[in-house]
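>
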Amino acid sequence: MDPERESQGILIGVGHAITPDDEARVRAVAREVACSCSGAVPCPASGVAAWAWQVFDDGFISAVIEDAGLLSRWMTALLLAFDKMVDALMVDFDSDEDKRALGALIARWAEEKDPFRAWSDEVLVPWHYIRFQTYAHHRAIGLARRLDAHSTVRRLERSPHPGLVDDILWHGDEAQPSLRSLEELLAKAPPVLDAAGAWVPERHVVAVAALGQIVKRIDRFDRHLIAEIIVAPEDRARVEAVEAVRNWRGNLLPASLDSLFHALLGRPDGTQLATAYLGFVAGRLLRDGSVSRGFPDAQDEDLRWSSTRAAFDALIGTMRATRADVAISDIEAAWKRAEDQAHGRHERELERPVVGRPRRGIPNWIGDAARELSGDGMPYLFAAVLLSAEDEGTARGGSAMMAKLWMWAEELFVKRDPSLSAVLQRLPFSECDKALGKLVARLDDPFDTIQRTYLKLEPIRRRSRFAFRYDDTRGDVESILLLRVGLCACELGMRSGADDARAARCHQMFDWIFERSRQLWLTAVLDVSNMAEQLVVVCFAHVHAVFPADLKHRLPGMLASIGTTPEMVLRAAELLLRNGVEPDLVADCAGSAGLDLADTVRDACRLVELGLLQVESCGSLRPVASALGLPVPPSFKDESDVRLVK
C-alpha cells in the first residue's frame with residue numbers, strides 16, 4: 078500500500094465511522110458545487126467532520142479536472158481570490174500600527190539577500206502576529222494547487238513575504254496532513270539558486286518554504302495519533318492506537334521522508350537546498366535536543382521521539398545513499414555560504430545608527446581573541462561528521478577526511494562560532510560532544526590533537542579573565558566544549574579495544590583534561606551557567622570507562638579535589654552510581670578522600686536551609702542518599718522538592 082495513503086487512512090479512520098452512503102452524499106454535493114462554477118470557495122463549517130471535507134475536496138477536484146473549460150474557469154476564480162488577498166494586505170487591518178508593522182516586514186524582506194532566512198524565526202514569527210482575515214484565501218490556493226500546481230506555484234512566487242507563503246501552505250493543506258503535497262511542491266517549484274549558488278533574480282522562495290514545513294507537518298500529524306492514545310476508551314483500542322503510532326514513526330514516515338528527499342535531490346538546485354536544510358535541521362536538533370515527545374505515561378526510552386531527529390536522520394540517510402561521494406564538500410560549501418550571508422548581515426547591523434545608551438564594555442568582535450565568525454557553523458559540522466560516520470569495526474587511522482573535518486572543527490573553536498554556546502547548553506540531549514569525540518578518537522593521536530587545539534584557545538581564555546571589561550559574558554565556552562569532546566574521545570578510545578600504548582595515552586589524556594577542567598573552574602571570573610563547574614563533575618561520568626580496573630586508586634584524589642563543595646560531591650557520586658559503580662566502592666573512595674557522605678548530605682541540606690544553595694542544585698541528594706543507605710532530612714522527603722540532574 079502507498080505509505081502516504083495509508084498514513085492518511087489512519088487519521089480519517091480513527092474516531093470516525095464512514096459509510097459508503099455518507100461518502101456518496103458528500104461527493105454529490107462536491108460535484109454540484111464544482112459544476113455551478115460560482116467562484117465562491119467552499120470552506121469547512123463548524124460541526125462538520127474533517128473526513129467529510131477531505132472527501133468533498135477529492136470529489137470537487139475530480140469533477141473539475143474532467144472538464145477543461147470548468148478547470149480553466151475555476152483556476153481563474155481561485156487565483157483571482159489569491160491576488161485579491163495579496164492586493165488587500167495593506168488595507169485589511171483596522172489598526173494603523175498593524176499596517177505599519179506589515180509594511181516594515183515586507184520592506185525588510187525586500188532587502189534580504191539570503192533565501193534561507195525564510196526559515197528564521199526572526200522572519201516568520203513577527204509575521205504570524207498579523208494573520209489574514211479570511212480563511213477562504215487559504216482554501217483557494219490549496220484547491221488551486223491541486224488543480225494546477227505549476228500555475229499556482231508560479232503565482233505564489235509573486236508573494237511579497239515568505240510568511241505569506243508559509244501561512245498559505247500551512248492552512249491550505251489542513252485536509253492533507255501528509256508530506257505528499259510538499260513533495261509535489263518541490264517537484265513543481267522553480268529553482269531558488271542558480272548554478273553558481275546565487276539567489277535567482279526572481280527571488281523564488283516557495284521551495285524553501287516547503288522544506289520549512291516538514292517538521293511542523295510531522296508534528297501536526299503525530300499529535301493526531303497521540304491524541305487517539307489519550308482518548309482510547311479500552312485497553313484494546315489503546316493498544317491499536319499505540320501500534321498505529323509505532324507504524325507511523327517506524328515505517329510510514331521514513332518512507333515518506335525518503336521519497337520527499339529524493340525529489341529534493343532531483344531538483345537542479347537540490348544539493349544546495351538539501352545541504353542548507355540539513356544545516357538548519359541540525360541547528361534545531363542541537364539547540365532543542367533529540368528527544369521532544371513520547372507516548373503518554375511512557376517510561377521506555379525507545380518510546381521517546383523527536384520529529385526534528387526523524388527529519389534529520391532521513392535526510393542523512395538519503396544523502397548517504399545517493400550522493401555520499403560529494404556530500405561532505407557540499408555541506409562545507411553550504412556553511413561557507415551561510416557564513417558569508419551572516420557576516421554581511423552583521424556588517425549591515427553595525428552600520429545602523431545606535432539609539433540609546435552606548436555599550437559599557439568592548440564589543441565581542443573587537444580586540445584580542447575577538448569573534449571572527451558570524452553564522453552558526455557547528456550544525457553543519459555536526460551533520461558532516463554524522464554523514465561521514467564509519468562502521469565501528471573500521472580502522473581508526475587518521476584518514477584525510479577525518480583530519481579535514483577536525484580542521485573545520487578547530488576553525489569553529491578558534492574563530493568562536495556563535496552556535497557553540499547554545500550547543501554546550503544542550504549537550505546532554507544533542508550528543509554533539511559524542512559525535513566530535515568519535516571523530517577525534519579516529520585520528521592518529523587524539524591527545525595531541527586536543528592539546529594543540531586547546532593551546533590555540535589560550536587567547537580566548539585570557540580574554541575571559543576580563544569578562545566585565547568586554548561585552549562578552551559567555552565564559553570559556555570554546556575551551557569547555559573542547560574538553561567535553563576530549564572526554565568522549567577518551568572513553569571511545571578505551572572502548573574500541575585499545576592496545577596498551579593507546580590505553581596509556583588515554584589515561585594521560587584524561588588526567589590532563591581533569592586538571593584543565595579544575596583550572597577553568599577555579600579561575601572562572603564569570604560562570605553564570607556553572608558550565609565550568611559542570612565540566613569537572615562530568616569527568617566522573619567517564620572515569621569508570623577510562624580506568625575500569627583502577628577506580629579505587631583514582632577516585633579518592635578526584636573526590637578530594639572537590640570535597641569542599643557538597644553539591645559537586647553529590648552530583649559526582651550520582652554520576653558514578655548511574656554508570657554502574659558499586660555504592661560500596663563510592664563510599665570507600667569518599668572515605669579514602671577524607672569525606673563522609675553522610676556529613677556531605679547534611680551540609681548540603683543546611684546550605685539549602687540558609688538560602689545559600691538552590692534546591693535544584695541538590696537534585697542528586699535523594700538518589701545518592703537512597704543508594705548509599707544514608708538518612709534524608711525530613712525537608713527532602715517529598716520528591717517534588719528535588720529534581721534529578723540529567
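Residue numbers (the working numbering): 78 to 723. Note that beta-carbon positions come from the ideal geometry of N, C-alpha and C, so glycine has one too.
1) Please identify the residue among S113, P456 and V602 whose C-alpha is closest to the C-alpha of A140.
2) Near L513, which residues of its chain fall below 7 Å by C-beta distance, leaving aside the five closest residues on each side in sequence?
3) Helix, strand or coil for L632 per DSSP?
4) Kindly indicate which residue of E100, L337, L564 and L489 has the alpha-carbon position closest to the one of E508.
5) Y51: which of A447, E424, E426 and R414 sits nearest, CA to CA?
6) Where does P440 fall in DSSP's three states?
7) With distances taken Cα to Cα, identify the nearest neighbour of D225 among I138, H619 and V491.
8) Ends of the alpha helix (DSSP H) at C666?
9) When you compare the region 345-355 with the region 441-453, are there three or more beta-carbon pairs, one atom per stretch, that lie closer than 8 Å?
10) On the DSSP bridge list, what partners appear for Y547?
11) Could you spell out where the alpha helix (DSSP H) holding N324 opens and where it closes?
12) Cα separation between L179 and R185?
13) When you compare the CB positions of F193 and V285, do they come within less than 8 Å of one another, or not?
14) Taking the alpha helix (DSSP H) that R539 falls in, what are its first and last residues?
15) Closer than 8 Å by C-beta to L501: which residues in its own chain qualify, once you throw out the five before and the five after it? Chain order, please.
16) So for L597, helix, strand or coil by DSSP?
17) If distances are taken between C-alpha atoms only, which option among R297, A266 and S258 comes closest to R235?
18) Can you give the Cα-Cα distance for F159 and A217, rounded to whole angstroms?
19) State the start and end residues of the unbroken alpha helix (DSSP H) segment that holds P456.
20) In three-state terms, what does DSSP make of S123?
21) Are the CB atoms of G671 and G640 nearer to each other than 8 Å?
22) What would DSSP say about L560, mapped onto helix, strand or coil?
23) In whole angstroms, what is the alpha-carbon distance linking A472 and A480?
24) Is it true that the region 290-299 meets the region 321-334, where meeting means three or more beta-carbon pairs spaced less than 8 Å apart?
25) Just how far apart, CA to CA, sit R720 and L489?
26) Please name the residue, chosen from T385, D604, R177 and W598, that lies closest to R551 on a Cα-to-Cα basis.
27) Please list, in chain order, all residues of the same chain as W196 whose beta carbon is under 6 Å from its beta carbon, the five residues on each side excluded.
28) Where does L450 fall in DSSP's three states?
29) DSSP puts L270 in a beta bridge; with which residues?
30) Within the continuous alpha helix (DSSP H) that includes S383, where are the two ends?
31) With DSSP run on the structure shown, which of helix, strand or coil describes Q290?
32) Looking only at its own chain, which residues have a Cβ that is under 7 Å from the Cβ of R595, when we skip the five neighbours before and after it?
33) From R222, L597, S465 and T677, pick the residue whose C-alpha is nearest to that of H248; which is it?
34) Could you name each continuous beta strand (DSSP E) segment of 3 residues or more that falls completely within the region 170-199, going from the start of the chain to the end?
35) What are the start and end residues of the alpha helix (DSSP H) that includes G421?
Once the coordinates are examined:
1) For the residues S113, P456 and V602, the minimum Cα distance to A140 belongs to S113.
2) So the list reads V462, A486 and V562, once near-sequence residues are dropped.
3) If DSSP states are grouped into helix, strand and coil, L632 belongs with the helices.
4) Of E100, L337, L564 and L489, the residue nearest in Cα terms is L564.
5) What the structure shows of the chain is the stretch from 78 to 723, and residue 51 is not part of that stretch, so it cannot be assessed.
6) Note: P440 maps to strand in three-state DSSP.
7) Closest by C-alpha distance to D225, out of I138, H619 and V491, is I138.
8) Residues P660 to S669.
9) Counting Cβ pairs under 8 Å, fewer than three are found: no touch.
10) In the DSSP assignment, the residues bridged to Y547 are I439.
11) Looking at the DSSP string, the run of the alpha helix (DSSP H) that includes N324 is D312 to N324.
12) Approximately 10 Å between the Cα atoms of the pair.
13) Against a cut-off of 8 Å, the Cβ pair of V285 and F193 comes out as a contact.
14) Run containing R539: E535 to S541, per the alpha helix (DSSP H) assignment.
15) Only V554, I557, L558, R561 and M608 meet the Cβ criterion.
16) Shown here, L597 sits in a helix according to DSSP, grouped into three states.
17) Looking only at R297, A266 and S258, the smallest Cα-Cα distance to R235 is reached by A266.
18) So the alpha carbons of these two residues sit roughly 7 Å apart.
19) P456 -> alpha helix (DSSP H) spans M455 to L464.
20) Model confidence at S123 stands at a pLDDT of 46, short of 50, so the residue's coordinates are unreliable; what they give is reported in the following sentence. Here S123 carries a coil assignment [DSSP, helix/strand/coil].
21) Between G671 and G640, the C-beta gap is smaller than 8 Å, which places the two residues in contact.
22) Helix.
23) Reliability of the predicted coordinates at A472 is poor, the pLDDT of 42 falling under 50, and the value obtained from them is presented with this limitation in mind. Those two C-alpha atoms are separated by around 14 Å.
24) The region 290-299, when compared against the region 321-334, does touch it at the 8 Å Cβ threshold.
25) Per-residue confidence for R720 stands at a pLDDT of 32, beneath the threshold of 50, marking its modelled position as unreliable; the derived number appears in the next sentence. Rounded to whole angstroms, the separation of the alpha carbons of L489 and R720 is 34 Å.
26) Checking every option, the nearest Cα to that of R551 belongs to D604.
27) Once the five neighbours on either side are set aside, the close Cβ partners of W196 are G289 and F357.
28) Of the three classes helix, strand and coil, the one that applies to L450 here is coil, per DSSP.
29) Looking at the DSSP assignment, L270 forms a beta bridge with W276.
30) No alpha helix (DSSP H) holds S383; DSSP gives it neither H nor E.
31) Here Q290 carries a coil assignment [DSSP, helix/strand/coil].
32) In its chain, beyond the 5 residues on either side, V613 and S638 have a beta carbon closer than 7 Å to the beta carbon of R595.
33) Just measuring C-alpha positions, the residue of R222, L597, S465 and T677 sitting nearest H248 is R222.
34) You should have found no qualifying run.
35) Here the alpha helix (DSSP H) through G421 covers A404 to E428.
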